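Colleague: At position 196 of the sequence shown (counting the first as 1) the number is 1394 in the working numbering, and the numbers step up by one without a gap. Here a beta-carbon is modelled for each residue, glycine too, at the ideal position from N, C-alpha and C. Keep in mind the model is a prediction, meaning the values are calculated, not measured.
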Amino acid sequence: MPRALVAGGAGFIGSHLCDALLDQGFEVTAIDSLVTGREKNLESARARGLKFVRADINSPLKEWSRDLGKFDEIYNMASPASPVDFAKMPIFILTTSADGHRHLLELAREQKARILFASTSEVYGDPLVHPQVETYFGNVNPIGHRSCYDEAKRFGEALTVAYHREFGVETRIARIFNTYGSRMRPDDGRIIPNFFIQALQNQPLSVYGEGKQTRSFCFVTDLVDGIIKLMRSSEKFPVNIGNPLERTVMEIALAVNSLTGNKASLRHLALPENDPKQRKPDIARAESVLGWKPKVSLEDGLRECLTYFRSELSASPDGIVAPTLG
């Protein structure tokens, strides 16, 4: 039976990845510090045999890797990724893509395992090229509010490539664009959770600026399918994984209000520092190399989110506060 390690396995995307690997017959171990991950995301996977290890990959390798056995595939999905986290734990975010990822790369080197680094569209910053193609170097403010995440992921990519070039480690890099679906933290602060949490409580939706900035949303099952296809491919260079269908923030707000029946007005707030004005992946490389493209429509995905966020609110009798970004 093939074996996989998923770092950040109790997180939103990581837990869905664990489910997909179990479906494929893998023996799966998830490791997570639970700084932002939630153990309940793994309830169904643990019932199917998933092994969960609560540990921090930033700790020395031997402290958490002993007795885990040998892995064929290592997926590094570990890192706080929400804008609300950037002000709370910038050092932790930076070290997770530096020390934490280096520990996983060392494990892959020792075990001759293949390793995938979950990077992000944030490496492109507030892009001057549209849509964003993998050869674009980006427009990133290295000392801005978002820099702890942007630069952490850029460094993580550089570290990944260095291990491939110097030690011959089989590495993969996925540049993940906006992703949504069940198991998102309801207080995540990003567009989809914020809009649903506010709409389902009949509150005005918080729209930053005029809402003309664009995003492209990929449903989590599509994203996980792309990540696994990338891991099994021979592609050494970064690959954009996301949905190229571009929508304005205002369009998403109106769609959520329509879906929930929310009659409250919108609340316009100042744009956060370095907030990207446009975000859309060029997925030609994913289509040609992986044979991958997203399948779930935004409308179908939002309907699934409606069910999920309703259940989250029903489990929170005091309600949930959607955070405001500075």
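1) Excluding the five sequence neighbours on either side, which residues of its own chain have a C-beta within less than 8 Å of the C-beta of Ala-1468, listed in chain order?
2) Which stretch, first to last residue, makes up the beta strand (DSSP E) that contains Ala-1202?
3) Ignoring anything shorter than 4 residues or poking outside the segment 1286-1372, list the alpha helix (DSSP H) runs there in chain order.
4) When burial is assigned at 16 or more other CB atoms within 10 Å of the CB, is Phe-1290 buried or exposed?
5) Is the beta carbon of Glu-1271 closer than 8 Å to that of Arg-1312?
6) Would Glu-1433 and Val-1367 qualify as a contact pair, given that the criterion is a beta-carbon distance under 8 Å?
7) Assign Gln-1222 to buried or exposed, taking buried as 16 or more other Cβ atoms, counted over all protein chains shown, within 10 Å of its Cβ.
8) Would you list the residues sitting across from Ser-1404 in a DSSP beta bridge?
9) Measuring alpha carbon to alpha carbon, tell me which of Ala-1482, Thr-1369 and Ala-1462 ends up nearest Asn-1441.
10) Based on DSSP bridge pairs, tell me the residues matched to Lys-1249.
11) State the CB to CB distance for the pair Ala-1451 and Phe-1394, rounded to an integer number of angstroms; the pair is presumed to be in contact (CB under 8 Å).
12) List the endpoints of the continuous beta strand (DSSP E) containing Asn-1274.
13) Taking only runs that begin and end inside the segment 1435-1518, name each unbroken alpha helix (DSSP H) of 4 or more residues, in chain order.
14) Using alpha carbons as the reference points, say which of Leu-1443, Arg-1246 and Val-1282 lies closest to Pro-1492.
15) Check the DSSP bridge columns for Arg-1236 and list the partner residues they point to.
16) Mind checking Ile-1341: buried by the 16 CB within 10 Å criterion, or exposed?
17) Distance, Cα to Cα, Asp-1385 vs Ile-1426?
18) Report the residue from Gly-1354, Leu-1421 and Arg-1430 whose alpha carbon sits nearest the alpha carbon of Leu-1303.
19) Just to confirm, are Thr-1377 and Cys-1346 a CB contact at a threshold of 8 Å?
20) Taking the continuous alpha helix (DSSP H) assigned at Ser-1414, which residues delimit it?
21) Take Gly-1379 and list the residues in its own chain whose beta-carbon comes closer than 8 Å to its own, dropping the five residues that flank it on each side.
22) Taking only three categories from DSSP, how would you classify Ile-1374?
23) So, using beta-carbon positions, are Leu-1421 and Arg-1465 closer together than 8 Å?
Modeller: Looking at the atomic coordinates:
1) Here residue 1468 refers to the residue found at position 270 of the sequence shown. Shown here for Ala-1468: same chain residues with a beta carbon closer than 8 Å to its own, the five before and five after excluded, namely Tyr-1406 and Gly-1407 in chain order.
2) Residue numbering aside, residue 1202 sits at position 4 when the sequence shown is read from its first letter. Looking at the DSSP string, the run of the beta strand (DSSP E) that includes Ala-1202 is 1201-1205.
3) 1288-1293, 1299-1309 and 1345-1365
4) On the sequence shown, residue 1290 is found 92 positions in, with the first residue counted as 1. Counting Cβ neighbours within 10 Å, Phe-1290 comes out buried, since at least 16 surround it.
5) Taking the sequence shown and counting its residues from 1, one reaches residue 1312 at position 114. Taking the sequence shown and counting its residues from 1, one reaches residue 1271 at position 73. Closer than 8 Å, so yes.
6) For the purposes of this step, residue 1433 is taken as residue 235 along the sequence shown, with counting starting at 1. For the purposes of this step, residue 1367 is taken as residue 169 along the sequence shown, with counting starting at 1. No; because the gap between Cβ atoms is not below 8 Å, this pair is not in contact.
7) Within the sequence shown, numbered from 1, the residue matching residue 1222 stands at position 24. Exposed, because fewer than 16 other Cβ atoms sit within 10 Å of the Cβ of Gln-1222.
8) Here residue 1404 refers to the residue found at position 206 of the sequence shown. Arg-1465, per the DSSP bridge assignment.
9) Start at 1 with the first residue of the sequence shown, and residue 1441 comes out as number 243. With distances taken between Cα atoms, Asn-1441 lies closest to Ala-1482.
10) Translated into positions along the sequence shown, residue 1249 becomes position 51. Looking at the DSSP assignment, Lys-1249 forms a beta bridge with Thr-1227.
11) The count along the sequence shown starts at 1 and reaches residue 1451 at position 253. The count along the sequence shown starts at 1 and reaches residue 1394 at position 196. The pair is not a contact, with the Cβ atoms about 11 Å apart (cut-off 8 Å).
12) The count along the sequence shown starts at 1 and reaches residue 1274 at position 76. Looking at the DSSP string, the run of the beta strand (DSSP E) that includes Asn-1274 is 1271-1274.
13) 1447-1458 and 1496-1512
14) As a first step, residue 1492 must be located in the sequence shown, where it is residue number 294. When each option's Cα is compared against that of Pro-1492, the closest is Leu-1443.
15) Position 38 of the sequence shown, counting from 1, holds the residue named residue 1236. According to DSSP, which records beta bridges pairwise, Arg-1236 is partnered with nothing at all.
16) Here residue 1341 corresponds to residue number 143 of the sequence shown, with the count starting at 1. So Ile-1341 ends up on the exposed side.
17) Indexing the sequence shown from 1 puts residue 1385 at position 187. Indexing the sequence shown from 1 puts residue 1426 at position 228. Approximately 28 Å, taken between the alpha carbons.
18) As a first step, residue 1303 is located in the sequence shown; it is residue number 105 there, counting from the start. The candidate whose alpha carbon is nearest that of Leu-1303 is Gly-1354.
19) Working through the sequence shown from its first residue, we reach residue 1377 at position 179. Working through the sequence shown from its first residue, we reach residue 1346 at position 148. Their beta carbons are not under 8 Å apart, which means Thr-1377 does not touch Cys-1346 by this criterion.
20) Within the sequence shown, numbered from 1, the residue matching residue 1414 stands at position 216. Run containing Ser-1414: none in the alpha helix (DSSP H); it sits in the beta strand (DSSP E), 1412-1414.
21) If you number the sequence shown from 1, residue 1379 lands on position 181. If we look at Gly-1379 and ignore the five residues flanking it on each side, its Cβ neighbours are Phe-1210, His-1214, Phe-1417, Val-1418, Thr-1419, Gly-1499, Glu-1502, Cys-1503 and Tyr-1506.
22) Translated into positions along the sequence shown, residue 1374 becomes position 176. Three-state DSSP puts Ile-1374 in a strand.
23) Here residue 1421 refers to the residue found at position 223 of the sequence shown. Here residue 1465 refers to the residue found at position 267 of the sequence shown. No, they are not a contact pair.
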